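As structure tokens, the structure follows; a few thoughts come after it.
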Amino acid sequence: MSCSACPATFWDEALRLGGWASTDVPESRDGLIGKAIYEHHHGFQTRYLVTGGNQGLGHETLRILARTNKYHLVVAARSQSKADEAVKAIASETGNVSDLTPVFIDLDSDDTIFNAAKIVEEKFGNLDVLVNNAGINRSPKPNATLREDFRAVFETNVFGVAVMNNTFLPLIRKSTYPQRRIVTVTSGLGMFGVALTESSPYNAWNYKFPVYRSSKSAVNMISAVDMIALREENIATVLVEPGYCRTAFGGFQGHKDADEGGKVIARAAVEGDNRDLFLKIIDDEGKHAQFGW
Numbered sequence: 225m226s227c228s229a230c231p232a233t234f235w236d237e238a239l240r241l242g243g244w245a246s247t248d249v250p251e252s253r254d255g256l257i258g259k260a261i262y263e264h265h266h267g268f269q270t271r272y273l274v275t276g277g278n279q280g281l282g283h284e285t286l287r288i289l290a291r292t293n294k295y296h297l298v299v300a301a302r303s304q305s306k307a308d309e310a311v312k313a314i315a316s317e318t319g320n321v322s323d324l325t326p327v328f329i330d331l332d333s334d335d336t337i338f339n340a341a342k343i344v345e346e347k348f349g350n351l352d353v354l355v356n357n358a359g360i361n362r363s364p365k366p367n368a369t370l371r372e373d374f375r376a377v378f379e380t381n382v383f384g385v386a387v388m389n390n391t392f393l394p395l396i397r398k399s400t401y402p403q404r405r406i407v408t409v410t411s412g413l414g415m416f417g418v419a420l421t422e423s424s425p426y427n428a429w430n431y432k433f434p435v436y437r438s439s440k441s442a443v444n445m446i447s448a449v450d451m452i453a454l455r456e457e458n459i460a461t462v463l464v465e466p467g468y469c470r471t472a473f474g475g476f477q478g479h480k481d482a483d484e485g486g487k488v489i490a491r492a493a494v495e496g497d498n499r500d501l502f503l504k505i506i507d508d509e510g511k512h513a514q515f516g517w
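Counting in the working numbering, the sequence shown runs from 225 upward without gaps.
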């Protein structure tokens, strides 16, 4: 990678401006330098949209990113009031509300997704990174039938993610950011290998959950297809498995704090080089595991 307008010493300076040390990037130096140069020359913050931003892992991810003061964050929640409250909560920590934009996105409603994309396009012109975090594990309807349970979970977790990707992809394509991404939160419960291996702590003998597990398997396949389809455009499709965290989503019964899971998602959104992320998944310890679920 080169920049004719930059002196030779700019490479190390670019790393400093981007907040990275040269020792941190032995294999992805060019990609991280590209991010630093891009942000330095363009003089603005990378734009991220995170769904489910008012609680749980989505909110923790946003808090982590906001504290760096490097990014403009589009905070999506299932109602405008929840999005507004999330922005207020995050701004109370950072003291900077100007880097936050609340939007209403209900993954069960195409209209809210389309409207949010319109807001992003009118305000920014493009989007750099989309983080699909929002999801449910059961129907909100009491005494839902099996069909109703499957339909509700797939409506949000699968159809909602598919429509988000399809709707925001044109805006991501408009971005010239060198590390454009679609990051989708998955679960080890959606892995066939985990389900069918008796030695796995989350095998299907101990944890059945067919509705939720199958929804995450479907999301994995959507992401796998997108990985192939978008590779030549250097738009990375990243699957991230943050682990079993103590959030309302899981009845606060996980073995990790929510901020630990948020850190994994944040890393998936901002770290590494797209070329190194192809056919990889980021697990709950932030390592790249072979995608073969």
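Glycine included, every Cβ here is placed at the ideal spot set by N, Cα and C. Owing to the predicted nature of the structure, the values given are computational and were not obtained by experimental measurement.
Near residue i, what residues of its chain come up, given a Cβ to Cβ distance below 7 Å and the 5 sequence neighbours on each side ignored?
i      : result
Ala490 : Thr285, Ile288, Leu289
Leu454 : Thr461
Asp345 : One detail in the question is off: residue 345 reads as Glu in this sequence, not Asp. Leu395, listed in sequence order.
Phe338 : Thr391
Asp334 : Val387
Ile343 : Val327
Gly412 : Val418, Tyr426, Glu465
Phe348 : Arg271
Do residue i and residue j have their C-beta atoms closer together than 9 Å?
i      : j      : result
Ala340 : Val327 : yes
Met388 : Leu463 : no
Asn278 : Glu309 : yes
Thr421 : Asn444 : no
Asn356 : Thr408 : yes
Arg397 : Ile459 : yes
Ala358 : Ala300 : yes
Thr336 : Ile360 : no
Looking only at DSSP bridge pairs, what is residue i linked to?
i      : result
Ala460 : Arg405
Tyr272 : Leu297, Val353
Check for me: the alpha helix (DSSP H) holding residue i runs from which residue to which?
i      : result
Ala290 : 280–290
Ala448 : 434–454
Leu501 : 498–501
Met415 : First-last for Met415: undefined, no H or E at that position.
Pro394 : 384–398
Thr318 : 304–318
Val321 : Where Val321 is concerned, there is no enclosing alpha helix (DSSP H), given that its DSSP letter is neither H nor E.
Arg375 : 370–378
Ala190 : Residue 190 falls outside the range modelled here, since the chain spans only 225 to 517, and no answer is possible.
Once the 5 residues before and after residue i are set aside, which same chain residues still bring their CB inside 8 Å of it?
i      : result
Ser303 : Phe328, Asp330
Arg362 : Ala368, Asp373, Ala376, Val377, Val435, Tyr436
Pro364 : Ala376
Arg291 : Glu317, Thr318
If I measure Cβ to Cβ from residue i and keep anything under 6 Å in the same chain, skipping five residues before and after, which residues do I get?
i      : result
Ala245 : Legend: pLDDT at Ala245 = 40, less than 50; position of this residue unreliable, value from coordinates given subsequently. Once the five neighbours on either side are set aside, Ala245 has no close Cβ partner at all.
Phe378 : Ser439
Ala442 : Val382
Gly384 : Leu331
Gly486 : Leu281, Glu284, Thr285, Ile288
Thr325 : Val298
If I follow the unbroken beta strand (DSSP E) through residue i, where does it start and stop?
i      : result
Phe328 : 324–328
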